[in-house]
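Have a look at the structure below, then the notes.
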Amino acid sequence: MQRELKKPENGPVQGKGFPKEPMENVPAERIREMLLGRKFEEAAAMGERAIPNLILALGDEDKGVRSEAVCAIVAIGAPAVPALASALKDGNGRVQEQAAFVLVKIAEGHPLRDWRAALPTLVESLRSGNTWVRGHAAQALEILVEKHPEYEWAGAVPVFIEALGCKDPSVRARSAGALKEIAKRHPEYDLEEAVPVLIEALNDENAWVKRCTYEALKNIVRGHSEHGSGKAIAALVECLRRTDEWVKFRASELLVEIGAPAAPALIGLLGDVDDDVRKIAATTLVKIGLGTLTLKDRVLCLLALSETDDVIAIGISAVPALVECMKHRDEDMWQKAVFVLGEMAKARPEEVAHAIVDYVNGNGGDALLEINEGNDGAARGISQVLLKCGEVMQNAA
């Protein structure tokens, strides 16, 4: 029997498939019945037709239904993202919370899909009054910033900066994490506004926030040299006065990353009365490089670190700087200067004496007057050094 052929007018256009029937949504009652029966796989198998009513089920009064709806939408995956973004924007509180959570799960499983349509809603959700929505939005965005550096993130930067002040530490940490990736991948972005807020966040009580903040700042100062000056340096230098050792250490590392532009502000700390402040400033300067410093500042730096042998090794040229150091407000500093001069006087008394006298008779007269008027101990120290020079020369004769 010959097979009956379909007439062309009843069939598809040549080379194409038969037209698909209009896709109808699976009724809400049927979806809910599946979810109540803990059959989320069946609901997920219906694909995109099930999405609208699965999202509706995210607000169901039954916790089990909500949980199964989450599983079903996650199983459907990326095709549900546009509808989830709409629910995140326009849904009620419960639906928004669940939609944000599902977006995180899909972002974790399908981060490389095209997420651009959902980004505006996710970014705006960082400003939500709902703690859960904010937290999940921050988590999803942190993933997407890392996986999609090619997206245009400049518009999101102010929102991430704002979120650093959120009460939820996870939002603060993830926002800092997002800024870290943006700074790393987009050196062309202007991140000036982020710097002071991030520096303040170094003092956060939460260790996770502090760590993410530091990483963000490190990427900014590495890739954005214009932020290695001015307010950023001043704020980081001020962090060296903190009692939190972690904050001081990280601020020091960031100043080392900035390099020579940070040196003048660090030199200013060498005159501080706090020994710990002087030491960390000096340590930071050593890491940056002492070669860029004046002889006086180099001597001051070495004295702050108690590296007296290194000062002695500089030789007679260090004498004027040592006399200047006797003006220091901290007794420990000027006593170390006296000690070094005394040690040098033992080996080279005549040269040390001449260097002191020449300095005082030259530009150092005012310095000596200031020492005599403000510090009896330092003044006596200079006298003792000169006496030591005389004794050594007399004994040698």
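All residue numbers for the sequence shown refer to this note's numbering, where the first residue is 4 and numbers rise by one. Just so you know, even glycine gets a beta-carbon here, dropped at the ideal spot from N, CA and C. Predicted model only: the values in this text are computed from it and were never measured.
Counting only the same chain and skipping the five closest in sequence on each side, list residues whose C-beta sits under 8 angstroms from that of A120.
If we look at A120 and ignore the five residues flanking it on each side, its Cβ neighbours are V84, P85, A88.
Identity of the residue in W118, R35, V212, I58 nearest G94 by Cα
I58
With H357 as the anchor, note down where its alpha helix (DSSP H) starts and where it stops.
352-364
DSSP state of D312, grouped into three classes?
helix
Exposed or buried, which one is E145 when buried takes at least 16 other CB atoms within 10 Å?
buried
DSSP state of C169 mapped onto helix, strand, coil:
coil
Would the beta-carbon of A47 fall within 8 angstroms of that of A75?
yes
CB of A143 within 8 angstroms of CB of S173, strictly
In this structure, S173 does not lie closer than 8 angstroms to A143 by Cβ.
Mind checking T297: buried by the 16 CB within 10 Å criterion, or exposed?
exposed
Option nearest T311 by Cα separation, candidates C304, V343, H357, W337:
V343
Here's the rule I'm using: 16 or more other beta-carbon atoms within 10 Å means buried, otherwise exposed. How should M396 be labelled?
exposed
Where W118 falls: helix, strand or coil (DSSP)
In the three-state DSSP reduction, W118 falls in the coil class, being neither helix nor strand.
Can you give me the start and stop residues for the alpha helix (DSSP H) that D38 sits inside?
It is worth fixing the name first, because residue 38 is Leu in this sequence and not Asp. Taken as a continuous stretch (DSSP letters only), the alpha helix (DSSP H) holding L38 covers 31-39.
For the pair the stretch 147-160 and the stretch 176-188, tell me if three or more CB-CB distances fall below 8 angstroms.
yes
Rounded C-alpha distance that separates D117 from N133:
Rounded to the nearest angstrom, the gap between the Cα atoms of D117 and N133 is 26 angstroms.
According to the Cβ coordinates, are A204 and I164 closer than 8 angstroms?
no
Element boundaries [alpha helix (DSSP H), containing T297]
Per DSSP, T297 belongs to no alpha helix (DSSP H) and is neither H nor E.
Where does Y154 fall in DSSP's three states?
coil
Measuring alpha carbon to alpha carbon, tell me which residue in P199, G40, L325, L390 is nearest Q338.
L325
Going by the beta-carbon positions, is the gap between I270 and D313 smaller than 8 angstroms?
no
Mark L220 as exposed unless 16 or more other C-beta atoms lie within 10 angstroms of its C-beta, in which case mark it buried.
buried
Taking the beta carbon of G384 as the centre, do at least 16 other beta carbons fall within 10 Å, making it buried, or is it exposed?
buried
So, are the CB atoms of E260 and V212 less than 8 angstroms apart?
With respect to the 8 angstroms criterion, E260 and V212 are not classified as neighbours on the basis of their beta carbons.
Are V280 and L272 closer than 8 angstroms when you measure CB to CB?
yes
Whose CA, out of D277, V322, L303, lies closest to the CA of R3?
Only positions 4 to 400 of the chain appear in this structure, which leaves residue 3 out of reach.
Straight-line CA distance for E24 to P30?
Residue confidence for E24 is low, a pLDDT of 40 falling below 50, so the modelled location carries little weight; the figure read from the coordinates is stated next. Cα to Cα, E24 sits roughly 17 angstroms from P30.
Cut-off 6 angstroms between Cβ atoms - residues of its own chain near A90, not counting five sequence neighbours on either side:
I58, V98, A102
Rounded to whole angstroms, what's the CA-CA distance from K42 to A53? Just pull it up for me.
Rounded to the nearest whole angstrom, the C-alpha separation of K42 and A53 is 13 angstroms.
Would you identify the three-state DSSP class for D278, choosing helix, strand or coil?
Reduced to three states, the DSSP call for D278 is helix.
Quick check on DSSP: helix, strand or coil for K19?
Residue placement at K19 is flagged as unreliable, the pLDDT there being 40, under the threshold of 50; a coordinate-derived value is accordingly withheld.
Among K251, S309, D207, P323, whose alpha-carbon lies nearest the alpha-carbon of I283?
K251
Classification of L115 by the beta-carbon crowding that lies within 10 angstroms, buried from 16 upward:
Classification for L115: exposed.
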